[in-house]
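Just so you know, numbering that gives the first Met the number 0 puts the end of the sequence shown at 228, numbered straight through with nothing missing.
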Amino acid sequence: MGVEIKESAVSDAEFEDMKRFVSDYLSASVENEDDGGRMRWYPWHSAEYRFNHILNVVDLATRIADREGADVDVVRVAALFHDISKLEADQEVHAEEGARVAREFLSTHGDYPESFLEQVCQVVSDHSYQGPLTDVSLETRCLIEADILDKIGANGTALMLLRMGYEARTHMDAAEMVERVFERGRDASERLETDTAQSFAHQRLKRVKWFREWLEDEVPEMDHDGQFN
């Protein structure tokens, strides 16, 4: 007997349409603000950064879902919409607003089952949950873990180094700032539940540690506290 292959609920073309919608929505959110965008000079408050973050989370969440046996379609669509309202809504309600936008789009673009819409919107709405990940569905867990993972590792390190420029810090502070990425990433990774996410976190944190040691090795007057020896 052959292996039954589950047909995807979302075609590649439909997913590309969703991606264009999300990108356009984020850009419009910034353009519609009177001041030209909330803290737009910080990259993580720009439409470009937010969309890149979303795509990173889509990739990570899809990989986690596939390996952990979650509904991949639900997870990747929820990941795509999870931060769509991040630039226009207050942080406390951006997840609920994202679920609302996702429902409006999905219910008017395609013929998706109501059960699929309900699952996607529930995962989007729950992705800001701060409690134990054992309390949420496997699909929500995959999204939250992917969201955490994108903040640690190379991406988190690059953003922290960019922040140094905005704060007029010198390169002598680099090791200290990278150490913060490592510590925050290590603390955040303690929430991870799936074996897949924990493996990804271990790899990413190891690279951050190597980068900090590389800095200290090549800038001899720097130690990990960012002070002169």
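Built from N, CA and C at the ideal position, the CB exists for glycine as well.
None of these values were measured; they are calculated from a predicted model.
query                                                                                                                                                      : result
Could you pull the start and end residues of the alpha helix (DSSP H) that Thr61 belongs to?                                                               : 46–67
Kindly indicate the opening and closing residues of the alpha helix (DSSP H) around Lys85.                                                                 : Neither: Lys85 is in no alpha helix (DSSP H) and is coded neither H nor E.
Output yes or no for whether 7 Å exceeds the beta carbon distance between Val180 and Met163.                                                               : no
When the Cα of Ser28 is compared with those of Ile53, Lys18, His44, which residue comes out closest?                                                       : His44
Going by C-alpha distance, which of Asp72, Tyr24, Glu96, Ala46 is nearest Asp11?                                                                           : Asp72
Tell me the rounded alpha-carbon separation between Val122 and Thr139.                                                                                     : 5 Å
The alpha helix (DSSP H) spanning Ala27 covers which residue range?                                                                                        : 11–30
Please classify Glu67 as buried or exposed, where buried requires at least 16 other C-beta atoms within 10 Å of its C-beta.                                : buried
Suppose the cutoff is 7 Å on Cβ atoms and the five residues either side in sequence are ignored; what does the same chain contact list for Val2 look like? : Residue confidence for Val2 is low, a pLDDT of 39 falling below 50, so the modelled location carries little weight and cannot support an answer.
Excluding five sequence neighbours on each side, which residues of the same chain lie with their C-beta closer than 8 Å to the C-beta of Phe104?           : Met17, Phe20, Phe80
Classify Lys5 as helix, strand or coil using the three-state DSSP reduction.                                                                               : Model confidence at Lys5 stands at a pLDDT of 47, short of 50, so the residue's coordinates are unreliable; what they give is reported in the following sentence. Note: Lys5 maps to coil in three-state DSSP.
Measuring alpha carbon to alpha carbon, tell me which of Trp213, Val207, Asn154, Phe199 ends up nearest Tyr48.                                             : Asn154
Specify the secondary structure class of Glu96 as computed by DSSP and reduced to three states.                                                            : helix
With distances taken Cα to Cα, identify the nearest neighbour of Leu191 among Tyr128, Asn51, Thr156.                                                       : Tyr128
DSSP three-state call for Ile307: helix, strand or coil?                                                                                                   : Examination of residue 307 is not possible in this model, given that the chain is present from 0 through 228 alone.
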